[in-house]
Amino acid sequence: MTTDATTQIEETVKANDVVLFMKGTKTMPQCGFSSRVAGVLNYMGVDYLDVNVLADDAIRQGIKDYSDWPTIPQLYIKGEFVGGCDIVTEMTLSGELDTLFETSGVTYDKDAAEKIREANA
């Protein structure tokens, strides 16, 4: 992995409260897993930066090396790696994601989070 990609990833993750490395963009996801995580964040009204890994091969490989996690999407909150699609989905349904947003000082729509849980109960 090039140090340029590592530096770019590190600066992006540290400069933004919530970052989603994904295939595509938050308005036009290009894979189902990226779409699901972006959909949760969009629905919950979370302000986040989307990084399209398809636009840059160095970032696409770099983020996997950076997190030591083999798949995309990858969610970061306050510089910490949270997980991919399955983990974010589980955390959303269990309410853990709400707690993480609250303790991190990230604004989100509590009612929307509840609606997601009700719809998946």
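Quick note on numbering: the sequence shown equals residues 1189 to 1309 in this note's numbering.
Glycine residues also receive a C-beta, built at the ideal position from the N, C-alpha and C atoms.
- Message: What residue range does the beta strand (DSSP E) around Ile1251 cover?
- Response: Not the beta strand (DSSP E): Ile1251 falls in the alpha helix (DSSP H), residues Asp1245 to Ser1255.
- Item | Length of the line joining the Cα atoms of Gly1220 and Thr1200 | Each residue's CA atom was taken as its position, placing Gly1220 and Thr1200 some 24 Å apart.
- When DSSP builds the beta bridges, which residues end up paired with Gln1262? Partner(s): Phe1209.
- Message: I need the boundaries of the beta strand (DSSP E) containing Asp1238, first residue and last residue.
- Response: Its beta strand (DSSP E) spans residues Leu1237 to Asn1240.
- Compute the beta-carbon to beta-carbon distance between Asp1238 and Leu1263, rounded to the nearest angstrom, for a pair I have assumed lies under 8 Å. A Cβ-Cβ separation of about 11 Å leaves Asp1238 out of contact with Leu1263 under the 8 Å criterion.
- Between the Cα of Tyr1296 and the Cα atoms of Glu1306, Tyr1236 and Phe1269, which residue gives the shortest distance? That would be Tyr1236, whose Cα lies nearest to the Cα of Tyr1296.
- If you compare alpha carbons, which of Arg1224, Arg1248, Lys1214 and Asp1244 is closest to Val1276? Just measuring C-alpha positions, the residue of Arg1224, Arg1248, Lys1214 and Asp1244 sitting nearest Val1276 is Arg1224.
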